[in-house]
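Contents: one structure, followed by commentary.
Number of protein chains: 2
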Amino acid sequence: MSIKDFEPRGSRTEVENGLSFQPKFDELGLIAAVVCDATSGDLLMVGYMNAESLRRTIETGEAWYWSRSRQEYWKKGGTSGQVQTVREILTDCDQDALWLKVDVGGNGATCHTGYRSCFHRALVPHDDGRVGLRLVEDHKVYDPSEVYGHSHG
Amino acid sequence: MSIKDFEPRGSRTEVENGLSFQPKFDELGLIAAVVCDATSGDLLMVGYMNAESLRRTIETGEAWYWSRSRQEYWKKGGTSGQVQTVREILTDCDQDALWLKVDVGGNGATCHTGYRSCFHRALVPHDDGRVGLRLVEDHKVYDPSEVYGHSHG
């Protein structure tokens, strides 16, 4: 299926209450994509899409992002095999964010550090007012140094 | 508890593998906060915090944001009663996003449109290449016109 250009933004009422998809891309042309595991519901990563990567995602059923650090299109899993098959995409009231529910391929991990989720550390406020982190995943799914160096994949 | 200034950003290795919280705020001084229901795991909203709203959130245990549209601090639920009690905050590998797990107070809804979640519409690609939306929540929790007009709360 070839996806057409998305509808232009309408009135606030139309955006918030309508059934026309009118996504808001920011001044860099990007929209935030919150990516959760379709089965467990856990948050895996936050990525950014431009209009073209969103179109590719809808057309192919596999998640494409825009890499802000590398300034290029990035098919998640293209290097690592951790392809995201998209089960559902939702948007929020003002249509400036996306929620993707995905199944993860390959070794089942999402984070390039080897953990299942990019969100594997929780904040720990200490008594002296400093904030540290603690690991919430007890092991890595894989050792990234043995697979594909340190780049995102 | 009074939270100190967050640690400055260290090396990539330190940020990605360390246990020091070194959040990255963007060029507007903001970090994205993905907010999920602590019980169901469902995504409720995406908000943005600056360093001060994040400090207030950690200190008080209730979520504070920076409203990009109104350019002011915004305690979620300050108007609506839909206060978010924060159970846990996680960050991702590059520490440029937050994941909040919250319990929602008041009427239990999060969206100012009356729905439980701001993400209550899913994308529907049509055969002609256009993309529409469909409601995934079958009713509103409350009628916002009877409560507090149309502002976010």
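Line by line, the protein sequences give chains U and R. Just so you know, the first sequence maps onto residues 1 to 153 in UniProt numbering. Just so you know, the second sequence maps onto residues 1 to 153 in UniProt numbering. We put the beta carbon where it would ideally sit given N, CA and C, even for glycine.
Applying the criterion that 16 or more other CB atoms from any shown protein chain within 10 Å of the CB defines a buried residue, is residue i buried or exposed?
i, result
"U:His139", "exposed"
"R:Ser2", "exposed"
"U:Leu135", "exposed"
"R:Ser11", "exposed"
"R:Gly114", "buried"
"R:Phe47", "Here residue 47 of chain R is Gly; the residue named in the question, Phe, does not match the sequence. By the neighbour-count rule (16 or more Cβ atoms within 10 Å), R:Gly47 is buried."
"U:Lys101", "buried"
"R:Pro144", "buried"
"U:Leu123", "buried"
"U:His126", "exposed"
"R:Lys4", "exposed"
"U:Arg70", "exposed"
"R:Lys24", "exposed"
Per DSSP, which one or two residues make a beta bridge with residue i?
i, result
"R:Ser122", "Rather than Ser, the amino acid found at residue 122 of chain R in this sequence is Ala. U:Leu90 and R:Arg134."
"U:Met1", "In DSSP, U:Met1 forms no bridge with anything."
"R:Leu43", "R:Cys36"
"R:Ser20", "U:Gly132"
Less than 8 angstroms between CB atoms is the rule here; does residue i satisfy it with respect to chain U?
i, result
"R:Asn42", "The sequence given here has Asp at residue 42 of chain R, not Asn. Cβ-Cβ to chain U under 8 angstroms: yes for R:Asp42."
"R:Asp92", "yes"
"R:Met49", "no"
"R:Gly129", "yes"
"R:Ser53", "no"
"R:Phe6", "yes"
"R:Val46", "yes"
Please tell me whether residue i has its Cβ less than 8 angstroms away from any Cβ of chain R.
i, result
"U:Thr79", "no"
"U:Ala122", "yes"
"U:Arg87", "no"
"U:Pro125", "yes"
"U:Ser2", "yes"
"U:Glu14", "no"
In the UniProt domain "Phosphoribosyl-AMP cyclohydrolase" (45-120) of chain R, which residue ranges form an unbroken beta strand (DSSP E) of at least 3 residues, counting only runs that do not cross its ends?
Runs of the beta strand (DSSP E) inside the UniProt domain "Phosphoribosyl-AMP cyclohydrolase" (45-120) of chain R: 64-67, 72-75, 84-91 and 97-104.
If the cut-off is 9 angstroms on Cβ atoms, which residues from the segment 97-116 of chain R count as contacting chain U, listed in chain order?
Under the 9 angstroms Cβ criterion, the segment 97-116 of chain R contributes Ala97, Leu98, Trp99, Cys111, His112, Thr113 and Tyr115.
Practice problem: Name, going along the chain, the residues of the segment 18-42 of chain U whose beta-carbon falls closer than 8 angstroms to a beta-carbon of chain R. | Solution: Using a CB distance below 8 angstroms, the part of the segment 18-42 of chain U facing chain R consists of Gly18, Leu19, Ser20, Phe21, Ala32, Val34, Cys36, Ser40, Gly41 and Asp42, ordered along the chain.
What residues in the segment 133-147 of chain R have a beta carbon less than 8 angstroms from any beta carbon of chain U? Going along the segment 133-147 of chain R in chain order, one finds Leu133, Arg134, Leu135 and Val136 with a Cβ nearer than 8 angstroms to chain U.
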